[in-house]
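Chemist: Handing you this structure, nothing more for now.
Chains as they are written, first to last, in this note's numbering: chain D, 1 to 285; chain U, 1001 to 1285; chain Y, 2001 to 2285; chain L, 3001 to 3285.
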């Protein structure tokens, strides 16, 4: 593989270290692009950014999107590309793409003002979920069990600055006992799925919130995950699913700059190495 | 025309009144969708939103995008569609599409952190422009003439809440004497261009900041405007251009939910009526 | 009365109109100081602000405080003075003054970080109240009935910008059936008290949230209100009280720039006129 | 000394380590109160907080104020007390106290809205200073040399969330070649003053912004510093002064939770030890 690989980062997580290590192992020329240190020109001007394969890894979603755009305008092949990262990063846009591809999602209503949010939440069967279009690790995902809590959520959200975080995604609550499924897709293939189980006194199954994990083997989530990943044209992605007793598996969320340390451990798969192999295949094309 | 038209709004500006009037004139069945009063379901559930042609007019960019998405998942043809509104609403995404289509833009650098922004601004030839990816009416578009001002901009931006408004678009200043060109495109056609001239003591040519306007007749901006509009697949759009002495016309910005009162007056064209005619053509297809 | 009266305002509410009318009735020379139009010098420089009696009425608390300070440095007698407005405007400072004067308040804990707030709320007997030190009309006052809601409040508060609104006042919930008492004190005298009763489906008794009112006649709240007003050295103030079955009346909040339209109507007292009489007495001293 | 000392902290800076070390040296019983781990009850309930001498050291101003208040309601003698920390922490309140005591400050105007701020800045002789009432280390202190920069500052400030950070303190610029004087007062005594000189390309003399320091020996700043400290009833404080060619020394700012590492080094004085000696004297009273 002669093409240069750019590893674009802001904060170095375990994932970025694993990726760096895997890239070194196969001996590919790699440039670390630290966006905290380098500003990025739009258009083809910066020699050392041109014509590369770029792994886009900034933690903050918009930083990842804008890094990808800058590299794309410098003729680099970005993984994931800016459009995919944005589609995954904004849950309303994710749902749009899933619905277009006839993929199952929870019942969802969008409320764009405090009035419509309050009205929808008060009238909705409880419990009900309220979340923002952007945000990670379960942050500002609220389980609302009564009208007082609905008012609390609406009042606090109204204090935030950006229209995006003032937007309410209101969803049916799916009783899963704090469990969800996370699958990891690279290219056309699902390399595995894990079950995440929320810790006691927490209903959200985010590992950042203390969830436990175990491997699962079930063809249905595998297949859904691949379709979801393709719906947003991802090179790779993690996909979160809920199991609904009547409706079956529903897609809750896709991550276009996914973490994979926990999944690697749980499944005993070297995800970084799998991803680097995928890069290598692309580099040869 | 038998298809229902939805006029989706939050704040009613003169433009929305003109559109309503024009729709009444041709006798088309019109539903006003006030997103301050109605929450919007994702997916095909709401009878009165289905299978319509929807004019997306909320003032806030993300509200416009999410309104368009909700209507698209209800099988409506949106004008503009959600993707176009988002591409126009985020200046970095706009520039990406323009560059992909070999359309001319000002020299631009993206700085994603306070450190890279400060470094870029201090090293840049002055004056230099600093702006955010989102925002309207010239807000937070800064003309920086010296290093003190660069520091002021970077420090204040860092206090904002969202990553998007913390992102710096840093651009060459184009000495235009406070003039720019605004063109208006509907479908494949540019219906006219005006020159906007900033009032004294203001370098920005936004009408909201007191600029004066006059008609201009020049085939080059017309043609560029059409190409810019097509680059983001807009049904209609306003396009802002600067004239650079050596590089010629450069595209500065596109608006996907454009105001047009001033342009209508300056050119003595009924833009609302032109737009409604365009809708009618689409409705017949 | 020969001293000039300054009526310092930002938004003109019914209260400010009533005050203006009462001032005209007694024929006192009055200057309206609109702080949206006039910047205020610190120190004795501005002739038309000097040596006056100034009624401080801006709606925003810090605007009221800073207006009062500017006028005080111009030798004006402010009603209320800046220190009183600040003590009333910051609930933690209010409680400090009440405790120093052995006046009864609800059981209160201050949590200055998300960790201590979450810990305190999770361990606290439910329901429990969480509120911010600053803020009016019941905004961001949360009734927390379970641990999920506690997490929601803490997460959302952490997104706010200022340390003050990130501070948690955590209090015992006092079961009052949505009722509280509001008393109005001018000088050494309580001119009356009303009972406010929250509308159905709301536990907060703010009139802004739809509460109903009726007069009450009970010497105990009267006396407490006077003591509370004196604890913060107010010229006039409204005082909110809760009735606790075992502890008796507790002071919940004091307002140093109080509204009084509803209280005037409920008690059939012309509060503006009473306040102007008080000013007149001061002017004569 | 038998009274317990409480060292109240959030972030542990070098200053807090020096204070801890000095307290150990004299063998006083010391409790570290980490407000990131402990919530604080209002009123006399918490045994281990009662009847102590408390050094208030949280970095964030409001956290320091509220920590002091909680300890004061638990019968502790706070150093500094809550009122002093607040008076120093809010520059408008500081100026009020200085003016009341006939102490010299720069010419200052308060603008409470964007309109009055813009108007004042545009009309003011340039350069002019614009700052917020709260904030440390020179943050959001702007040197404005022209009208474009004035507009930039006003627009950006308007985007901030709290009324306090939207408030503009507008001051004459004092040409000091980037120099100021910092004095340190404990009790009735000024233990020394240093000159701070801004690094090249920076006009602000904050050490956080790279300033250099040297000792100075001049009785006038010493005396002014003591008077300034007494004006806000500080037990100890650092005081920043500017030298104005015609007006002489002017007081710019007081810090009620001051850092002192740099001053200790520059003057070769063990400030922590001096402060602990002061505590000891108080403990004996």
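Ideal Cβ placement from N, Cα and C applies to all residues, glycine included.
Quick one: what's got a C-beta closer than 6 Å to residue 271 of chain D's C-beta in the same chain, skipping five residues either side?
Modeler: Cβ within range, chain order: 260 and 264.
Chemist: DSSP three-state call for residue 1048 of chain U: helix, strand or coil?
Modeler: Three-state DSSP puts residue 1048 of chain U in a helix.
Chemist: Taking Cβ positions, are residue 60 of chain D and residue 6 of chain D nearer each other than 9 Å?
Modeler: The answer is no: Cβ separation not under 9 Å.
Chemist: Using three-state DSSP, classify residue 3157 of chain L as helix, strand or coil.
Modeler: Helix.
Chemist: Taking the Cβ atom as the reference point for each residue, do residue 300 of chain D and residue 257 of chain D lie within a distance shorter than 9 Å?
Modeler: In this structure chain D extends from 1 to 285, so residue 300 of chain D is not present and cannot be described.
Chemist: Determine whether the Cβ of residue 240 of chain D lies closer than 9 Å to any Cβ atom of chain U.
Modeler: Not one chain U Cβ lies under 9 Å of residue 240 of chain D.
Chemist: Return helix, strand or coil for residue 2219 of chain Y, following the three-state DSSP convention.
Modeler: It is helical.
Chemist: For residue 3003 of chain L, collect the residues of the same chain with a Cβ closer than 6 Å to its Cβ; drop the 5 residues on either side in sequence, then sort them by chain order.
Modeler: Once the five neighbours on either side are set aside, the close Cβ partners of residue 3003 of chain L are 3053 and 3283.
Chemist: Distance, Cα to Cα, residue 273 of chain D vs residue 236 of chain D?
Modeler: In a straight line, the C-alpha of residue 273 of chain D is about 13 Å away from that of residue 236 of chain D.
Chemist: Only counting runs of 3 or more residues, tell me where the beta strand (DSSP E) segments fall wholly within the stretch 3022-3102 of chain L, in order along the chain.
Modeler: The qualifying runs are 3030-3034, 3053-3056 and 3077-3079.
Chemist: Based on Cα-Cα distance, which residue from Y:2088, Y:2228, Y:2145 and Y:2227 lies nearest to residue 2170 of chain Y?
Modeler: If we check each option's Cα against that of residue 2170 of chain Y, Y:2145 comes out closest.
Chemist: Ignoring anything shorter than 3 residues, give me the beta strand (DSSP E) runs that lie fully in the stretch 1092-1152 of chain U, in order along the chain.
Modeler: Listed in chain order, they are 1108-1111, 1128-1131 and 1142-1144.
Chemist: Give the secondary structure of residue 2162 of chain Y by DSSP, where H, G and I count as helix, E and B as strand, and everything else as coil.
Modeler: Coil, per DSSP.
Chemist: Here's the rule I'm using: 16 or more other beta-carbon atoms within 10 Å means buried, otherwise exposed. How should residue 27 of chain D be labelled?
Modeler: Exposed, because fewer than 16 other Cβ atoms sit within 10 Å of the Cβ of residue 27 of chain D.
Chemist: Once you ignore the five residues that flank residue 3030 of chain L on each side, which residues in its own chain have a CB closer than 8 Å to its CB?
Modeler: Only 3004, 3005, 3006, 3007, 3020, 3023 and 3024 meet the Cβ criterion.
Chemist: Please report the distance separating the alpha-carbon of residue 3075 of chain L from that of residue 2100 of chain Y.
Modeler: Using only the alpha carbons, I get a separation of about 10 Å.
Chemist: Between which two residues does the alpha helix (DSSP H) holding residue 2250 of chain Y run?
Modeler: That residue, residue 2250 of chain Y, is in no alpha helix (DSSP H); its beta strand (DSSP E) goes 2248-2255.
Chemist: Is there a C-beta anywhere in chain L that falls below 9 Å from the one on residue 1152 of chain U?
Modeler: Interface residue, yes.
Chemist: From D:252, D:215, D:280 and D:143, pick the residue whose C-alpha is nearest to that of residue 269 of chain D; which is it?
Modeler: The residue with the shortest Cα to Cα distance from residue 269 of chain D is D:215.
Chemist: Short of 7 Å in beta carbon distance, which residues of its chain neighbour residue 173 of chain D, apart from the five on each side in sequence? Order them along the chain.
Modeler: Closer than 7 Å at Cβ, skipping near neighbours: 127, 128, 129 and 143.
Chemist: Between residue 147 of chain D and chain Y, is any beta-carbon pair separated by less than 9 Å?
Modeler: So yes, residue 147 of chain D belongs to the interface.
Chemist: Quick check: residue 1118 of chain U and residue 1141 of chain U, are their CB atoms within less than 9 Å of each other?
Modeler: Contact flag unset, no.
Chemist: Please tell me whether residue 1142 of chain U has its Cβ less than 9 Å away from any Cβ of chain L.
Modeler: Chain L, which has a Cβ nearer than 9 Å to the Cβ of residue 1142 of chain U, makes this yes.
Chemist: Could you give the first and the last residue of the continuous beta strand (DSSP E) run that contains residue 170 of chain D?
Modeler: Per DSSP, residue 170 of chain D belongs to the beta strand (DSSP E) from 168-172.
Chemist: Tell me where the beta strand (DSSP E) around residue 1005 of chain U begins and ends.
Modeler: That run of the beta strand (DSSP E) goes 1005-1009.
Chemist: Give me the DSSP bridge partner(s) of residue 237 of chain D.
Modeler: Note: residue 237 of chain D sits in a beta bridge opposite D:185.
Chemist: Determine the contact status of residue 1134 of chain U and residue 1090 of chain U, defining contact as a CB-CB distance below 9 Å.
Modeler: Yes, they are a contact pair.
Chemist: Let me know the secondary structure DSSP gives residue 2017 of chain Y once reduced to three states.
Modeler: Reduced to three states, the DSSP call for residue 2017 of chain Y is helix.
Chemist: If I follow the unbroken alpha helix (DSSP H) through residue 209 of chain D, where does it start and stop?
Modeler: No alpha helix (DSSP H) contains residue 209 of chain D, which DSSP labels as neither H nor E.
Chemist: Give a yes or no on whether the minimum CB-CB distance between residue 228 of chain D and chain U is below 9 Å.
Modeler: Answer no: the Cβ-Cβ gap between residue 228 of chain D and chain U never drops below 9 Å.
Chemist: Run the CB neighbour count on residue 2038 of chain Y, radius 10 Å, all protein chains shown included, and call it buried at 16 or more, exposed below.
Modeler: So residue 2038 of chain Y counts as buried.
Chemist: Go through its chain and collect everything with a Cβ distance to residue 3180 of chain L's Cβ below 6 Å, but skip five positions before and after it.
Modeler: Counting only Cβ-Cβ distances below 6 Å, and skipping sequence neighbours, we find 3196, 3205, 3240 and 3242.
Chemist: Against residue 2155 of chain Y, what residues of chain D qualify as contacts under a CB-to-CB distance less than 7 Å, listed in chain order?
Modeler: By Cβ distance, chain D contributes 139 and 140.
Chemist: Quick one: Cα of residue 3084 of chain L to Cα of residue 1017 of chain U, how far?
Modeler: Each residue's alpha carbon lies about 57 Å from the other.
Chemist: Mind checking whether residue 1120 of chain U and residue 1168 of chain U have CB atoms under 9 Å apart?
Modeler: Yes.
Chemist: For residue 132 of chain D and residue 108 of chain D, what's the separation of their Cα atoms in angstroms?
Modeler: When rounded, the distance between both Cα atoms is 12 Å.
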